[in-house]
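Undergrad: With the numbering used here applied, the sequence shown has no gaps in its numbers, which climb one by one up to 617 at the end.
Glycine residues also receive a C-beta, built at the ideal position from the N, C-alpha and C atoms.
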Amino acid sequence: MSLFRARPTLHPYAALVAGALSGCDSDAPKPVGRAGATTAGATTAVAAAPTPVRRDSASGEAWWPDTVRRPNARTPGDTARRAKGHEPVWPNPKAPAPIAGSILPAKRIVAFYGNPLSKKMGVLGELPMDQMLAKLDTEVAKWNAADPAHPVQPALHLIAIVAQGTPGKDSTYRYRAVPELIEKVYGWAKQKRAILFLDVQIGKSTLQSELAYLLPYLQRPDVHLALDPEFAMTKGGLPGGRIGTYDATHINYAIDQLIRLVDQYKLPPKVLIVHRFTGPMVTNYQSIKLDPRVQVVMDMDGWGPPHGKKATWSRFIYPYPVQYTGFKLFYHNDTKNGFPMMTPKQVLALFPPPIYIQYQ
Numbered sequence: 258m259s260l261f262r263a264r265p266t267l268h269p270y271a272a273l274v275a276g277a278l279s280g281c282d283s284d285a286p287k288p289v290g291r292a293g294a295t296t297a298g299a300t301t302a303v304a305a306a307p308t309p310v311r312r313d314s315a316s317g318e319a320w321w322p323d324t325v326r327r328p329n330a331r332t333p334g335d336t337a338r339r340a341k342g343h344e345p346v347w348p349n350p351k352a353p354a355p356i357a358g359s360i361l362p363a364k365r366i367v368a369f370y371g372n373p374l375s376k377k378m379g380v381l382g383e384l385p386m387d388q389m390l391a392k393l394d395t396e397v398a399k400w401n402a403a404d405p406a407h408p409v410q411p412a413l414h415l416i417a418i419v420a421q422g423t424p425g426k427d428s429t430y431r432y433r434a435v436p437e438l439i440e441k442v443y444g445w446a447k448q449k450r451a452i453l454f455l456d457v458q459i460g461k462s463t464l465q466s467e468l469a470y471l472l473p474y475l476q477r478p479d480v481h482l483a484l485d486p487e488f489a490m491t492k493g494g495l496p497g498g499r500i501g502t503y504d505a506t507h508i509n510y511a512i513d514q515l516i517r518l519v520d521q522y523k524l525p526p527k528v529l530i531v532h533r534f535t536g537p538m539v540t541n542y543q544s545i546k547l548d549p550r551v552q553v554v555m556d557m558d559g560w561g562p563p564h565g566k567k568a569t570w571s572r573f574i575y576p577y578p579v580q581y582t583g584f585k586l587f588y589h590n591d592t593k594n595g596f597p598m599m600t601p602k603q604v605l606a607l608f609p610p611p612i613y614i615q616y617q
């Protein structure tokens, strides 16, 4: 069983759906009791996961579909931050300068996200491989044209550890992509001289256990890491029943593992993506370890209309300087109800300009 996520910016969850596949995830969403997708000859049943009410921790406003904030409107959190003189400083003066071999900030990473076993988890699995890679070329060209000063490093972003709606044999509520699947996507990336990100949704497992599974791949110079706090049930609960969280101690554990690999195998610096669209998803951000061997990107991955995405950026990325910033664009969820997906020019108008761009 595996969990498909539909991630809102100012809305509650759409459909977090479970389905069993031999490799990873099913084609979701589908209502309870309907037949699921077929992969390697296996037909699956799916069940809708719980739909939690999401709150904006900065303003206390409930996130409902019909109460999106007006463009450029300030929240009570914005006003309070300015009144207290807590305006953030970018770039973070504590962040180390890049060293030889670093990707950021000389280049901008543009990544396609998903899993080949699901057409609903992102563009990486939605299209046949040839079409997907051609579409990636198109997006890369747009970003190169929009900001020639930061040439694009293309990337594929594979959800390698997928949160589950059921406990599984070991009660961890997660599924590990089989090695053959990881190698397949790695091969696709090599075709385009792209780097590969392995995304981790631990469910009720531990970061220690899941990173141990991925270490053989992370030893490669062109494979990097992403952490998804949304499905890290470190405070209890089940995936889909509540939004998860990582503390700086969890993130620092991942950073230390990457530092060890860089030193042991004489690798160029690693890039670590940390997804975020609420305040509690990442706690004690000031204590996140900064080291030139690991470049940390806080990635705003909420979906919704442009003004909603900008509001989430202003609440949960801009006020909390770590090192670099990222921004996620959704081909389908961002364009619901006739809203346009943000263009590279519009994304680059954010401050600080995101240096990592992800398409789902």
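Note down, one range per segment and in chain order, each alpha helix (DSSP H) of at least 4 residues found wholly within the region 548 to 617.
TA: Secondary structure within the region 548 to 617: the alpha helix (DSSP H) runs of 4 or more consecutive residues, fully enclosed, are 563 to 573, 601 to 605 (chain order).
Undergrad: Is it buried or exposed for residue 472, if we count other Cβ within 10 angstroms and need 16 for buried?
TA: exposed
Undergrad: Contact check, residue 396 vs residue 616 under 8 angstroms by CB: the rounded distance?
TA: At roughly 6 angstroms, the Cβ-Cβ gap stays under 8 angstroms, so residue 396 and residue 616 are in contact.
Undergrad: So, with DSSP's three-state summary, where would you put residue 372?
TA: Of the three classes helix, strand and coil, the one that applies to residue 372 here is strand, per DSSP.
Undergrad: In three-state DSSP terms, what is residue 503?
TA: The three-state reading of DSSP puts residue 503 in strand, counting E and B together.
Undergrad: Taking the Cβ atom as the reference point for each residue, do residue 569 and residue 596 lie within a distance shorter than 8 angstroms?
TA: Not closer than 8 angstroms, so no.
Undergrad: Measuring alpha carbon to alpha carbon, tell me which of 430, 429, 453 ends up nearest residue 440.
TA: 453
Undergrad: Going by alpha carbons, who is nearest to residue 524 out of 474, 427, 495, 446?
TA: Distances from the CA of residue 524 to each of 474, 427, 495, 446 were compared; the closest alpha carbon is that of 474.
Undergrad: Quick check on residue 346: buried or exposed, where buried means 16 or more other Cβ atoms within 10 Å of its Cβ?
TA: exposed
Undergrad: Give the DSSP-derived three-state secondary structure of residue 527 in the structure shown.
TA: strand
Undergrad: Does DSSP put residue 367 in a helix, in a strand, or in coil?
TA: strand
Undergrad: Can you tell me the Cα-Cα spacing of residue 348 and residue 426, whole angstroms?
TA: 45 angstroms
Undergrad: Can you list, in chain order, the residues of its chain with a C-beta nearer than 8 angstroms to that of residue 387? Leave out the 5 residues immediately preceding and following it.
TA: none
Undergrad: With C-beta atoms as the reference, is residue 354 less than 8 angstroms away from residue 549?
TA: yes
Undergrad: Per DSSP, residue 394 forms a beta bridge with which residues?
TA: Answer by DSSP bridge pairing: none, since residue 394 is not bridged.
Undergrad: Bridge partners of residue 412, per DSSP?
TA: Residue pairing from DSSP places residue 412 in a beta bridge opposite 368, 452.
Undergrad: Rounded to a whole number of angstroms, what is the C-alpha to C-alpha distance between residue 436 and residue 417?
TA: 10 angstroms
Undergrad: Put residue 517 into one of helix, strand or coil per three-state DSSP.
TA: helix
Undergrad: Looking at the structure shown, is residue 423 part of a helix, part of a strand, or coil, going by DSSP?
TA: coil
Undergrad: Would the region 399 to 407 count as touching the region 455 to 464 if we require 3 or more Cβ pairs under 8 angstroms?
TA: no
Undergrad: Give the DSSP-derived three-state secondary structure of residue 475 in the structure shown.
TA: helix
Undergrad: Short of 8 angstroms in beta carbon distance, which residues of its chain neighbour residue 547, apart from the five on each side in sequence? Order them along the chain.
TA: Counting only Cβ-Cβ distances below 8 angstroms, and skipping sequence neighbours, we find 349, 351, 352, 353, 553, 579, 580.
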